[in-house]
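**Student:**
In this note's numbering, the protein residues as written are 291 to 662.
1) At what residue ranges does the stretch 387 to 468 contain a whole run of the beta strand (DSSP E), taking only runs of 3 or more?
2) Between the stretch 535 to 543 and the stretch 368 to 386, do at least 3 Cβ pairs fall closer than 8 angstroms?
3) Quick one: is residue 537 buried, meaning 16 or more other Cβ sit within 10 Å of its Cβ, or exposed?
4) Let me check understanding here. Comparing Cα to Cα, which of 395, 356, 429, 532 lies closest to residue 667?
5) Check whether the Cβ atoms of residue 421 and residue 597 sit closer than 8 angstroms, and answer yes or no.
6) Per DSSP, which residues does residue 614 bridge with? Please list them.
7) How is the alpha helix (DSSP H) around residue 649 delimited, first residue to last?
8) Using 10 angstroms around the beta-carbon of residue 342, count the other beta-carbons present and answer buried if the total reaches 16, otherwise exposed.
9) Select from 399, 323, 632, 292 the residue whose C-alpha is nearest the C-alpha of residue 331.
10) Using beta-carbon positions only, say whether residue 336 and residue 397 come within less than 8 angstroms of one another.
11) Return the CA-CA distance between residue 329 and residue 353, expressed in angstroms with no decimal places.
12) Name the one or two DSSP bridge partners that residue 504 has.
13) For residue 321, which three-state DSSP category applies?
14) Measuring CA to CA, which of 395, 492, 529, 530 is closest to residue 517?
15) One question on the structure: do residue 414 and residue 362 come within less than 8 angstroms of each other, judged by their Cβ atoms?
16) From the DSSP output, in three-state form, read off residue 327 for me.
17) How many Å lie between residue 488 and residue 427 at the Cα?
18) Mapping the DSSP letters down to three states, classify residue 381 as helix, strand or coil.
19) Can you name, in chain order, every residue of its own chain whose Cβ lies under 8 angstroms from the Cβ of residue 462, other than the five neighbours on each side?
20) Roughly how many angstroms lie between the CA atoms of residue 558 and residue 590, to the nearest whole one?
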């Protein structure tokens with residue numbers, strides 16, 4: 291078996307509500323879906339969950355499409371690739387572009403799971419049949435609007451609340467939420483918005499018994515994160531800083547964090563994410579799975595990954611219909627009243643793809659075929 295065809299779909303998906311983070315405001319989102327076919331007829335799907343501008347990392351929708359079309363997909367098609375490890379060996383010589391790499395690796399994981407007649411979670415070695423889910427609350431225009439959304443999400447069963455913060459919108463919103471809702475599981479995400487000069491604000495957050503402060507400093511500041519972690523009672527969680535197993539190893543050895551957020555797209559694939567998970571488990575560093583405004587396809591991979599044992603904290607894996615007006619899954623998952631999502635036991639990705647929705651929201655398509 292080998293990869294014979296790869297299609298790249300660029301979709302424009304409207305959001306139910308604008309989403310505001312420290313990186314900017316998102317009203318609708320283009321995304322890139324991958325459809326991979328083998329010579330034996332198996333079909334797998336993946337997703338490149340990048341953004342329009344290089345704000346989260348250096349990648350964008352357009353760079354992903356270019357890299358996939360011109361470099362990564364042709365390499366796969368020219369080399370009769372059929373194993374995950376072989377794909378990663380081929381991709382290793384190309385620097386960066388982890389989101390683009392991950393999209394193709396995802397599709398192959400889908401195929402390999404089907405080939406083994408296993409669910410994706412089973413193929414990964416997952417042990418959980420359900421996973422806890424938290425919700426992320428973006429930067430709002432008022433404290434009142436934030437409190438209303440937190441209340442709504444808690445009523446829906448979400449197990450923890452994450453507040454986006456940025457300088458000037460931090461202590462007051464955390465104080466308001468803590469005072470209004472009491473001792474709920476609460477964390478904050480700074481999206482690299484702070485610097486060492488603003489450490490007094492971060493130290494003040496110790497007063498609010500937070501689960502963690504996610505990525506307070508710049509993504510390349512492992513040393514500075516280590517310095518402030520030693521002075522904080524609140525655990526630091528690293529997100530953007532962890533792009534590979536080497537970043538995770540160094541962060542753990544330096545004491546830069548006490549928690550790691552694993553996003554498959556950020557680290558270049560499901561295999562690298564699993565390797566990071568295993569390292570963290572060996573060092574008793576809990577992990578959880580973050581979100582990138584993926585469609586149901588990308589989220590299905592996050593659910594399967596989160597079935598691994600060291601994903602001990604609720605992930606940002608709310609159903610994609612919470613933020614997209616329509617999804618590309620025909621039978622999307624839901625959060626139950628206790629804040630859990632069932633891990634699919636269906637083979638492969640675990641969910642039926644709604645191809646009509648892909649066609650409806652598709653703005654362009656690129657088809658590539660092996661020359662072998």
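The beta carbon of each residue, even a glycine, is placed where N, CA and C say it ideally should be.
Treat the numbers as computed from the prediction; the structure is a model and nothing was measured.
**Tutor:** On the basis of the data shown:
1) 420 to 422, 425 to 427, 451 to 454
2) no
3) Taking the first residue of the chain shown as 1, we reach residue 537 at position 247. Its Cβ being crowded by 16 or more others within 10 Å, residue 537 is buried.
4) Because the chain is modelled from 291 through 662, residue 667 falls outside the range shown and cannot be assessed.
5) On the chain shown, position 131 is the one that residue 421 refers to. On the chain shown, position 307 is the one that residue 597 refers to. Result yes, Cβ atoms of residue 421 and residue 597 sit closer than 8 angstroms.
6) For the purposes of this step, residue 614 is identified with residue 324 of the chain shown, where counting begins at 1. The partner list for residue 614 (beta bridge, DSSP) reads 305.
7) Mapped onto the chain shown, residue 649 falls at position 359. Here the alpha helix (DSSP H) through residue 649 covers 645 to 651.
8) Position 52 of the chain shown holds residue 342. With fewer than 16 Cβ atoms within 10 Å of its Cβ, residue 342 is classed as exposed.
9) As a first step, residue 331 must be located in the chain shown, where it is residue number 41. Measuring from the Cα of residue 331, the nearest candidate turns out to be 292.
10) Within the chain shown, the letter at position 46 stands for residue 336. Within the chain shown, the letter at position 107 stands for residue 397. Cβ distance < 8 angstroms, so residue 336 and residue 397 count as in contact.
11) On the chain shown, position 39 is the one that residue 329 refers to. On the chain shown, position 63 is the one that residue 353 refers to. Distance between the alpha carbons of residue 329 and residue 353 is about 28 angstroms.
12) The count along the chain shown starts at 1 and reaches residue 504 at position 214. Note: residue 504 sits in a beta bridge opposite 479, 527.
13) Here residue 321 refers to the residue found at position 31 of the chain shown. Note: residue 321 maps to strand in three-state DSSP.
14) Your numbering for residue 517 matches position 227 in the chain shown. Of the listed residues, the one whose Cα sits closest to residue 517 is 492.
15) Walking along the chain shown from the start, residue 414 turns up at place 124. Walking along the chain shown from the start, residue 362 turns up at place 72. The answer is no: Cβ separation not under 8 angstroms.
16) Counting from one through the chain shown, the residue named residue 327 turns up at place 37. Strand, per DSSP.
17) Residue numbering aside, residue 488 sits at position 198 when the chain shown is read from its first letter. Residue numbering aside, residue 427 sits at position 137 when the chain shown is read from its first letter. Rounded to whole angstroms, residue 488 to residue 427 spans 22 angstroms at the Cα level.
18) Taking the chain shown and counting its residues from 1, one reaches residue 381 at position 91. Helix at residue 381.
19) Against the chain shown, residue 462 aligns to sequence position 172. Same-chain partners within the cutoff: 433.
20) Taking the chain shown and counting its residues from 1, the one referred to as residue 558 is at position 268. Taking the chain shown and counting its residues from 1, the one referred to as residue 590 is at position 300. If I take the Cα positions, the gap works out to 16 angstroms.
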